[in-house]
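Protein chains: 2
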Amino acid sequence: MEELELDERKTKILDAIIRNYLETGEPVGSRTISKYTDLNLSSATIRNEMADLEELGYIVQPHTSAGRIPSDKGYRFYVDHLMEEKNREVSEMKNFVIEHTEKVELVLQQVAKILANNTNYATMVTAPSYHGNKVKFIQLSNVDEDQVLAVIVTEANLVKNKIIPVSEPIDNETMLKLNFLLNSNLNGLALQEINLGTIAKLKEQAGIHSDIISNVLDTVAETMGQDDDIRVYTSGTTNFFKYPELSDSAKASELISTFEEKQQLASLVTENLLEEENTGIQVYIGNESPIQTMRDCSVVTATYELGEGVRGTIGIVGPKRMDYEKVMDNLKVLKNSLDGILDRRNGQT
Amino acid sequence: MEELELDERKTKILDAIIRNYLETGEPVGSRTISKYTDLNLSSATIRNEMADLEELGYIVQPHTSAGRIPSDKGYRFYVDHLMEEKNREVSEMKNFVIEHTEKVELVLQQVAKILANNTNYATMVTAPSYHGNKVKFIQLSNVDEDQVLAVIVTEANLVKNKIIPVSEPIDNETMLKLNFLLNSNLNGLALQEINLGTIAKLKEQAGIHSDIISNVLDTVAETMGQDDDIRVYTSGTTNFFKYPELSDSAKASELISTFEEKQQLASLVTENLLEEENTGIQVYIGNESPIQTMRDCSVVTATYELGEGVRGTIGIVGPKRMDYEKVMDNLKVLKNSLDGILDRRNGQT
DNA sequence: ATTAGCACTCATTCATATGGAGTGCTAATA
DNA sequence: TATTAGCACTCCATATGAATGAGTGCTAAT
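First to last, the protein sequences are chains E and V. Take any residue in the first sequence, note its place counting from 1, add 1323, and you have its number in the working numbering. Take any residue in the second sequence, note its place counting from 1, add 1323, and you have its number in the working numbering.
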């Protein structure tokens, strides 16, 4: 539908304006375009076309006698229709880091860092929510006279533990019974599948030790995480200073704060993590982003899936004139490196 | 020795200059002091004294016709001799947060945040190194045909786990034997006490399963942490923007980067964490700090001790004209809240 | 339909002028 | 001898204004 608004010449001119602006960050004038393109048109003609493009909302003038810069709508058009998908075979990305690091959280922190270094934008990576993940193994053991250790392992090899205080020692026989009880009832179940019936049954069978069962179930819930405390790893937040349009104290401070708070970043994530079966890449330009402080930025996110149902998000935040091609290319490569990583080797927390 | 340099009048004037500068952040002139103090001296006299103080190195002039600002030496004198130790009974600090949060790492993150909000400076809190901590309990269990889970609990109730791949399933009897072996040999030992002899003996007794023992020992080492990856929680890094002398892009960016990297921050810590039995509070003014990027800042740190040998550091970084009294007061209160917290309740990781 | 030409706008840059804060020094004073 | 008043001087900060130049919109010519 939008395409109808723009004939080929206007499209070419818009493309040229945006590409030029992405490079320089300066408003681009008619004379520049007149030479930059192979259209062989005078600056005057370009000026007329630019006036049209402005009226249509694709570009704006910062002030009367300046060149034009792309509007949000202009960027959107660029991302949707003009941009080339590079799909370079291999970026210089250090995949080996991913292969060799042991812990998932370190990998993710690394990913954030690599991406930030590579792109010169701020990055964030959310730890996966283990939504839908299943219990593989539960074990209680005596640590002390008055403490019991509960360990829970999930199908994705995520391990969580909790120390539970008990009023009096539990003998070995009881412990064996409890362990059997837990494993036989919970193994293979996802959080959503543990219903009140199961819980009641478990507690009943546990008798006087039902409080321990409660504690274990709490930990299970926490492990499989109704993602209330999504972890977010960030990097390169000072990259904002590299772009004049974001680097004045007020804006930079606001942005960096948002990255420090992390919580807010989660809102970007939850959105497209659950709702969509989207394997692709999401681009938010300016006000399209749900985060207010990023109204002058563009945000590009990708969803990765370490293993069945174990999903997280990688995101890049930069100026609206970011190098979308490079960013998306980088995201694709990293996404591919992360996808299915749990099936290839064993992770832990 | 220093006191000999300054008679009472000079001391009063210096004190007045510094206090005034701490408030305003502007160079302070002779006329201001003439009124600010109860000395009843004319500005001319003050000027003479200020010339002396400058010659002695306690204050400097940013440029010819400006007032004076404290030098590093001046601040040092202030901190050592002039400042009042407030020791307010209770600051408005939300101790309940500390009491009620469950996990140590969350507590520390909270501490960083509270402190940053309270002081308007950037803060960092290092997770404790469990140096000298002892093994309380080790357990191996079968998770899979080809995976074994190792769980290690220390005296301080720190729990770590690792999933170890094995080439072939291990039967229950062997597993019991290995568990007994590990516990009987390692329980009660600190990392430093596990020597090559112990290790050799263990491996010998484990026979064909010595590789598992190696893996467990690795995890033990990692748990008791030869603090190679000290965790650092930070907060309030954008507070730097509140102080003009630190808020230009270049400096702010550098500082915030340092906080983002976190590793560098560790150097501040290791220093006074191990060397000193110092229960007190450390102040680094300007170049006294080991971290280059903080040459225009002051850093105040305190060591806390969650439990026997479980020590970490809280630090505050701000402009040299920081409110030392308030900062040190805050640190004391938080330090008191954290000290011995592990003895009061059970923590975990 | 395109282009050349021109008047106009507005941000940026530079030099210059102005005001004020604060000093150092000297001479007068208690 | 210690203190103070007074004055010339320095230097920053801010304002002012002119010059520059990039870029536009419009009109008339091609």
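Even for Gly, the Cβ is constructed at its ideal location relative to N, Cα and C.
Asked                                                                                                                                                 : Found
Could you pull the start and end residues of the beta strand (DSSP E) that isoleucine 1639/V belongs to?                                              : 1633 to 1642
Establish whether the CB of phenylalanine 1503/V and some CB of chain E are separated by less than 7 Å.                                               : no
Indicate whether glycine 1380/V and valine 1351/V have their beta-carbon atoms separated by less than 7 Å.                                            : no
Please list the partners that glutamine 1462/E has in chain V, where partner means a Cβ-to-Cβ separation under 7 Å.                                   : Ser1464
Taking the beta carbon of serine 1394/E as the centre, do at least 16 other beta carbons fall within 10 Å, making it buried, or is it exposed?        : buried
Starting from the Cα of tyrosine 1398/E, find the closest Cα among Glu1611/E, Gly1632/E and Gly1663/E and give me that residue.                       : Glu1611/E
Flag phenylalanine 1400/V as yes if its beta-carbon sits less than 7 Å from any beta-carbon of chain E, otherwise no.                                 : no
Would you identify the three-state DSSP class for methionine 1645/E, choosing helix, strand or coil?                                                  : coil
Residues of the segment 1568 to 1592 of chain E with a CB closer than 7 Å to any CB of chain V: list them in chain order, please.                     : Ser1570, Ser1572, Ser1576, Ile1579, Ser1580 and Glu1583
I need the DSSP call for serine 1366/E, collapsed to helix, strand or coil.                                                                           : helix
Within the 7 Å Cβ cut-off, does threonine 1616/V reach chain E?                                                                                       : no
Leucine 1569/V and aspartate 1534/V look like a contact to me (Cβ under 8 Å); what is the Cβ gap, rounded to whole Å?                                 : That pair is no contact at about 53 Å.
Considering asparagine 1562/V, what are the terminal residues of the alpha helix (DSSP H) in which it resides?                                        : Taken as a continuous stretch (DSSP letters only), asparagine 1562/V belongs to no alpha helix (DSSP H), as it is neither H nor E.
Suppose you measure from the CA of glutamate 1577/E to the CA of isoleucine 1614/E; what does that come to, to the nearest Å?                         : 11 Å
Exposed or buried, what is leucine 1657/E when buried is set at 16 or more other beta-carbons lying within 10 Å of its beta-carbon?                   : buried
Less than 7 Å separating the beta-carbons of valine 1466/V and valine 1458/E?                                                                         : no
Around the C-beta of glutamate 1527/E, are 16 or more other C-beta atoms found within 10 angstroms, so that it is buried, or is it exposed?           : exposed
Against chain E, which members of the segment 1519 to 1537 of chain V pass a CB distance test of less than 9 Å?                                       : none
For glutamine 1605/E, write down the residues that DSSP places opposite it in a beta bridge.                                                          : Thr1624/E
Since threonine 1560/V meets chain E, which of its residues come closer than 8 Å, beta carbon to beta carbon?                                         : Ile1579 and Glu1583
Name, going along the chain, the residues of the segment 1647 to 1663 of chain V whose beta-carbon falls closer than 9 Å to a beta-carbon of chain E. : none
To the nearest angstrom, how far is it from the Cα of phenylalanine 1503/V to the Cα of leucine 1512/V?                                               : 15 Å
Mapping DSSP to helix, strand and coil, what is glutamine 1470/V?                                                                                     : strand
Quick one: is glycine 1641/V buried, meaning 16 or more other Cβ sit within 10 Å of its Cβ, or exposed?                                               : buried
If the criterion is Cβ atoms closer than 7 Å, does the pair alanine 1450/E and glycine 1635/E meet it?                                                : yes
Between which two residues does the beta strand (DSSP E) holding alanine 1445/V run?                                                                  : 1445 to 1449
So what's tyrosine 1359/E in DSSP terms, helix, strand or just coil?                                                                                  : helix
Counting pairs of Cβ atoms below 8 Å between the segment 1481 to 1491 of chain E and the segment 1429 to 1445 of chain E, do you hit three or more?   : no
Smallest Cα separation from glutamine 1586/E: which of Ala1575/E, Val1555/E, Gly1530/E and Leu1376/E?                                                 : Val1555/E
Opposite glutamine 1615/E in the DSSP bridges: which residues?                                                                                        : Glutamine 1615/E pairs with nothing; no bridge assigned.
Alanine 1513/E by DSSP, collapsed to three states: which one?                                                                                         : strand
So which of Thr1581/V, Val1482/V and Val1448/V has the shortest CA-CA distance to isoleucine 1639/V?                                                  : Val1448/V
Can you tell me whether leucine 1499/E is buried or exposed, with buried defined as 16 or more other CB within 10 angstroms of its CB?                : exposed
Need the endpoints of the alpha helix (DSSP H) that glutamine 1433/V sits in, please.                                                                 : 1427 to 1442
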